[in-house]
Amino acid sequence: MSPTTTKAPPAPKKTKKPTAKVPPPQKKPKKVRTEIPRDVAARVQFFSDRICCVCRLPDKPIQIHHIDDNPDNHADVNLAVLCLDCHNETMIRGGFSRKLDADQVILYRNDWHQIVKNSRASNHDSHNEDESLFDITYATTIAEIYREDENFEALARHYHALGNNELRDKYVEKAIAVGCDAATHVYLRSIQKKTEIIPEDVLKQRLSELEDKKWILAKARFFKHIGDPLAATSDYLEGISTRLQEKRYFTAAYYLKELAESGLIERLFELALHDAEKRNDLWWQVRALEELGRYDDSRDLVLQNEKAILESENNLLFRELLALAKGDRIGWLNARKALAGTGN
Numbered sequence: 001m002s003p004t005t006t007k008a009p010p011a012p013k014k015t016k017k018p019t020a021k022v023p024p025p026q027k028k029p030k031k032v033r034t035e036i037p038r039d040v041a042a043r044v045q046f047f048s049d050r051i052c053c054v055c056r057l058p059d060k061p062i063q064i065h066h067i068d069d070n071p072d073n074h075a076d077v078n079l080a081v082l083c084l085d086c087h088n089e090t091m092i093r094g095g096f097s098r099k100l101d102a103d104q105v106i107l108y109r110n111d112w113h114q115i116v117k118n119s120r121a122s123n124h125d126s127h128n129e130d131e132s133l134f135d136i137t138y139a140t141t142i143a144e145i146y147r148e149d150e151n152f153e154a155l156a157r158h159y160h161a162l163g164n165n166e167l168r169d170k171y172v173e174k175a176i177a178v179g180c181d182a183a184t185h186v187y188l189r190s191i192q193k194k195t196e197i198i199p200e201d202v203l204k205q206r207l208s209e210l211e212d213k214k215w216i217l218a219k220a221r222f223f224k225h226i227g228d229p230l231a232a233t234s235d236y237l238e239g240i241s242t243r244l245q246e247k248r249y250f251t252a253a254y255y256l257k258e259l260a261e262s263g264l265i266e267r268l269f270e271l272a273l274h275d276a277e278k279r280n281d282l283w284w285q286v287r288a289l290e291e292l293g294r295y296d297d298s299r300d301l302v303l304q305n306e307k308a309i310l311e312s313e314n315n316l317l318f319r320e321l322l323a324l325a326k327g328d329r330i331g332w333l334n335a336r337k338a339l340a341g342t343g344n
């Protein structure tokens with residue numbers, strides 16, 4: 001009898017594991033393009049003289065470009081006239097070609113608008129236009145180097161020197177957002193004239209960094225930036241005096257020039273004017289106004305006080321000022337004779 005063989009049970013069928021269906025990638029919603037209002041389009045083209053603001057070649061077909069790539073933003077500051085070739089450069093991203101980015105378009109546009117404005121006001125000078133195009137090419141090249149390094153502080157300084165407040169402010173905010181030291185924070189807000197929004201802890205930190213006497217001129221600059229003319233002037237004078245004693249003449253001259261150009265002298269005359277007003281001191285009010293170059297205000301103040309001047313005794317200096325304010329040549333001559341008799 002042969003041994004009985006049993007058949008092995010069939011192997012269970014492999015079941016496919018359910019796989020989650022991956023939804024197809026959603027297409028980005030297309031940007032809605034709306035028509036630029038006719039008055040806006042006409043104004044933008046007028047400012048650009050219907051010429052591309054980048055290549056500046058006449059007789060080329062042009063179109064109005066939306067700088068922020070939002071075809072629905074028709075604000076004047078967001079629009080620039082470009083030829084088709086230059087507009088194509090704004091669409092290049094990556095590769096060996098360099099994209100004509102928004103910052104560059106803004107620089108070219110603002111510069112071209114100024115050239116158009118000047119040429120309409122005077123005879124056209126192609127040499128000046130060529131020089132300006134060279135300057136703007138230099139500006140954009142330097143900016144590109146800073147941008148590649150993500151040096152936002154340098155970009156803010158760069159655009160501040162160029163007088164482009166829009167781009168300056170853009171990179172001031174970026175520099176502060178990514179983080180910068182207290183000295184840079186104070187400087188960047190000062191060139192915006194927004195030192196009032198500097199956080200208190202930043203101000204305290206910067207002031208603590210300048211406690212050593214060797215930083216007194218930097219401290220003078222700090223006080224100038226935050227709008228304290230008395231402290232700033234005091235530290236400038238002390239620091240300059242110390243450098244003179246140390247025979248560091250260049251440093252002394254440099255900061256003396258900075259002080260003279262800082263506007264602090266005018267601020268002190270303004271403080272003197274306010275102080276004289278509080279004391280109701282007419283003479284020092286007049287003198288402060290004259291030093292500030294506000295001669296019309298000085299004349300008006302003298303005329304407003306004519307009665308008091310005439311009633312005062314032996315006030316020859318005021319008699320002279322009053323005669324000048326009234327255009328009274330005889331009265332002025334008499335006052336000058338009287339002053340000469342007193343030795344003045």
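Going by UniProt numbering, the first residue of the sequence shown is number 1, and it counts up by one from there. Built from N, CA and C at the ideal position, the CB exists for glycine as well. All figures in this text were calculated on a predicted structure; none of them were measured in a lab.
When burial is assigned at 16 or more other CB atoms within 10 Å of the CB, is SER164 buried or exposed? For clarity, residue 164 is Asn in the given sequence; the question names Ser instead. In summary, ASN164 is buried, with 16 or more beta-carbon neighbours lying within 10 Å of its beta-carbon over all protein chains present.
Exposure of PHE222, with buried meaning 16 or more beta-carbon neighbours within 10 Å: PHE222 should be labelled buried.
Cβ of LEU207 within 9 Å of Cβ of ILE216? By the CB criterion at 9 Å, LEU207 and ILE216 fall outside the cutoff.
CA-to-CA distance, ALA143 to ALA288, given in whole angstroms: Each residue's Cα considered, the two are about 44 Å apart.
Which residues bound the alpha helix (DSSP H) around CYS86? Counting along the chain, the alpha helix (DSSP H) containing CYS86 begins and ends at 84 to 89.
Taking the Cβ atom as the reference point for each residue, do ALA323 and LEU282 lie within a distance shorter than 9 Å? Judged by their CB atoms, ALA323 and LEU282 are not nearer to each other than the 9 Å cut-off.
Report the rounded CA-to-CA distance for ILE330 versus LEU292, giving the unit in angstroms. Counting only the Cα atoms, LEU292 lies some 28 Å from ILE330.
Tell me which residue opens and which closes the beta strand (DSSP E) that HIS65 is part of. That run of the beta strand (DSSP E) goes 62 to 66.
Rounded separation between LEU82 and ILE226 - CA only: Computed Cα separation, rounded: 42 Å.
Touch test, the region 292 to 301 against the region 245 to 262, Cβ-Cβ under 8 Å, three pairs minimum: Contact fails between the region 292 to 301 and the region 245 to 262, because fewer than three Cβ pairs, one in each stretch, are under 8 Å apart.
Three-state secondary structure (DSSP) of VAL54: For VAL54, the three-state secondary structure derived from DSSP is coil.
Measuring straight from C-alpha to C-alpha, what distance separates LYS337 and PHE269? Here the alpha carbons of PHE269 and LYS337 stand approximately 30 Å from one another.
Contact set for CYS55: own chain, Cβ-Cβ below 8 Å, skip 5 residues either direction: Taken in chain order, the residues that qualify are CYS83, ASP85, CYS86.
In whole angstroms, what separates the C-alpha of ASP149 from that of VAL302? The alpha-carbon separation between ASP149 and VAL302 amounts to approximately 60 Å.
For residue 352, the nearest candidate out of LEU79, ARG147, GLY239 (CA to CA): Beyond the ends of the chain as shown, which are 1 and 344, falls residue 352; an answer cannot be given.
Taking C-beta to C-beta, are LEU244 and ALA252 nearer than 9 Å? It is a contact, given that the beta carbons lie within the stated cut-off.
Taking 7 Å as the limit between beta carbons, can you name the residues of its chain near CYS52, skipping five residues before and five after? Residues of the same chain with a CB within less than 7 Å of the CB of CYS52, apart from the 5 flanking positions on each side, are LYS60, ILE62, VAL81, LEU82, CYS83, CYS86 in chain order.
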